[in-house]
Structure formats: structure tokens, C-alpha cells
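Data block below; observations after.
Chains as they are written, first to last, in the numbering used here: chain L, 1 to 195; chain W, 1001 to 1195.
Written out as C-alpha cells, the structure reads:
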């Protein structure tokens, strides 16, 4: 196999990149200065070498514990549970949350064979049972599996912590009622608040 | 900058990959065995190290001259001129052409500052003037710039070679007349052939 086909085959393994796109990217890189391909190769190498899981919250990090767990300004009494590390990025960009996180590493999914033992549920319960946490906000995705995971966590944490809460579901800001799905509208109506 | 952001920034430099997709790909790689990222990094390194331009036809190749230029079964009397190496792949997959190629390295584009001196036009004229070539098929893209480039090449090659031809334009096979654009239909009509 040639170097061109070889790189295209590796790129085509990435999600959302088909064989044609992979070839197009390869030819694109061949038109750029070699330094660009080298920087990309280096960045890939460093990723594998340096990134690991935080031993406290299971977030992806280069320093253990991670920057959020060691930040003295974060409120350790509020713990936000997310499915993946990428979700932390999304919440941090919103700039609202000043507590700490716990990364589950996925969501319960019996069909895919993902049970509680495949997630960091034991570590979460242990962490909460140490007593410093006052509220656990379950921020798993508002999908069928995310909801089931939230329900499961609520049961596991009952009695261990004063409050277990769930992020609100409703119409997205800037969204259009006309194009919202029925389930979202139903949720938005039942979760209505006095003005 | 962290290793995650670093790789995402490098991936986001690729065409068609935005900041969000780059982050998604990075997180995807972090969920895969490290060997996958390492193979991708290696393939990138080999690409830069091994791939060069064929000294005969300017095709991207690992061996110089390239596999097509050294193939004794190819007909050196028919020369097909394409814009990019990737175009050779497309023509080879069609399985119809048994001649040899010449890669221009782009198309004339005064707006982007691409003139004949930025393409391999001199090498093409030299190659043709050696006399072995009986026909030059100009297979630049059927775009405005591809047509202008074809016209320019036809003038440069006039007198050097018996036939300069242009690939046919018309309705694509499997296409639908109803959805074809007017320029394509006009071309298909004017290039009609007796049945």
C-alpha cells in the first residue's frame, strides 16, 4: 500500500470521514508545506502520550488531578455529573457553573452492553459518601439513555447527599416553538415556572 | 495550550473540518486504543517523507519516475493533461484510458495570481516537442478556469503535436435532464452525435 493510500485509510477510520474525504484531505496535506503534516503528527503523538484520566473526577487531563479539581476557587460542595469530558467543555464555555465535575465515561445502555460497572459510578458514590458534597447535579444528555442513567444515579445517591438535581429540559434559547418536537414542548410546559 | 486543544487546532486547519468537528475527532481518538493515533501519526510522517513529484509527469509518487510512466503497457503516444494528481486517480478508476499523464499542478487563475509559470506548462511543451506524442487530451475541469487553461494549452501546443483534444462535456451518465443546469444542457445539445 502506498503512503497516500495508507494515510487515507487511517483518516477514513475517523467518524464522519469517508474514503473520498480522506483522499481529499491527504492530497490537501501534500499541497501544504511538510511542516503542517509534521505538526499534526506530533500533536497526535503528544495526545496519546500526555492525556490521561483525572484520578478525582475522571476528566481527560494532562496533570493529575486536573485543573478544575485543583482550582481553589471551585465550590467542592456542588458536583456536576456528565457523560463525557467533552460535556465539561460545553458547560465551562457557558460560564455559569463554579462547582466541580464527575465524568461517567458514557451512559447506561443495555442494548450496547454498557452497564454501571463500565462507568465510574462506584467512584462517584464513594466520592459523594465522603460527605463534602451538598448537591449532585445530574447533567447526562436529555436522551432516553441519559434519562435512564440519571434515574439510576438518583437511586444510587439517595441518602448519600442532601440534593440530587437534574438539569432543566425545555425549549432551547433562540429556538422556535413552531419547529420544536412534541416531547420538548411537553417538557417545557410541565416544567413551567411562575413569572 | 493543552495536548487536546493542540491537536484540535491542527485538525481544524484541514479543509471542511471546523473547530467543533476537530474537538469531536480528538475526543474520539482519546476513546480509541492509543495504537490508532500512533498509526495515523506514522502515516502522516511517511507521507511527507516518501511522496514526491514524478520528474516525467509531475504526478505524486513514491518512486521516480512513477508507476504509470514506467509501465511498458501504457501508450506513450497519448498524453492526458490533468490539473491535479487526484484527477489521475479518478480517470484510472474509470479504467478506459491506457495512455500516460501530465499533471499541471493547478489551473490558470489570474484572480488567484496563478499564471502559466506556476504550472508545469514548460515541462509539458518540452515533453510534447520531443515528438513521441501523437495526441494531447486536455482533461482540465469543465469549469471557467479549466476551460481557459485548456484554451491556453491548445495554443501553446499548436504545431507541436498532431491532435489536441478536449474531454467531452454533456449530461453525466445517470443524471436527470430535469435537474441539469442550462449550460450543461446547451453543451450536451451542441456536442450531439449521430446515432
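We treat Cβ as the ideally placed atom computed from N, Cα and C, and that holds for glycine. Model, not experiment: these values are computed from the prediction.
Query, Result
"Under the rule that 16 or more other beta-carbon atoms within 10 Å means buried, what is residue 185(L), buried or exposed?", "exposed"
"What does the Cβ neighbour count give for residue 1085(W), buried or exposed, with the cut at 16 atoms within 10 Å?", "buried"
"Applying the 10 Å Cβ sphere with the 16-neighbour rule, what's the burial state of residue 73(L)?", "exposed"
"Could you tell me whether the segment 1024-1039 of chain W touches the segment 39-56 of chain L, where touching means 3 or more Cβ pairs closer than 8 Å?", "yes"
"Quick test of the definition: if touching needs 3 or more C-beta pairs under 8 Å, does the segment 143-161 of chain L touch the segment 122-130 of chain L?", "yes"
"So with CB distances below 9 Å, who are the chain W contacts of residue 145(L)?", "Within 9 Å Cβ-Cβ: nothing; residue 145(L) doesn't reach chain W, min ~17 Å."
"How long is the line joining the alpha carbons of residue 1106(W) and residue 1164(W), rounded to whole angstroms?", "19 Å"
"May I have a chain-ordered list of the alpha helix (DSSP H) segments no shorter than 4 residues that lie completely inside the segment 1105-1138 of chain W?", "1121-1129"
"Could you give the DSSP three-state label for residue 1099(W): helix, strand or coil?", "strand"
"What distance in whole Å lies between the Cβ atoms of residue 162(L) and residue 171(L), which are believed to be in contact at a cut-off of 8 Å?", "The pair is not a contact, with the Cβ atoms about 30 Å apart (cut-off 8 Å)."
"Spatial neighbours of residue 1056(W) within its chain, please: C-beta separation below 6 Å, excluding the five flanking residues on both sides.", "1065 and 1069"
"Distance cutoff 8 Å, beta carbons only. Does residue 6(L) sit that close to anything in chain W?", "yes"
"Which whole-angstrom value is the C-beta distance of residue 18(L) and residue 9(L), which I expect to be below 8 Å?", "Wrong, their Cβ atoms sit about 12 Å apart, outside the cutoff."
"Could you tell me which chain W residues have their CB closer than 9 Å to the CB of residue 46(L), listed as they occur along the chain?", "1003, 1006 and 1007"
"Which same chain residues, not among the five before or five after residue 1149(W), have their C-beta less than 6 Å away from its C-beta?", "1107, 1108 and 1140"
"Out of 1182(W), 1095(W), 1145(W) and 1101(W), which has the shortest C-alpha to C-alpha gap to residue 1061(W)?", "1101(W)"
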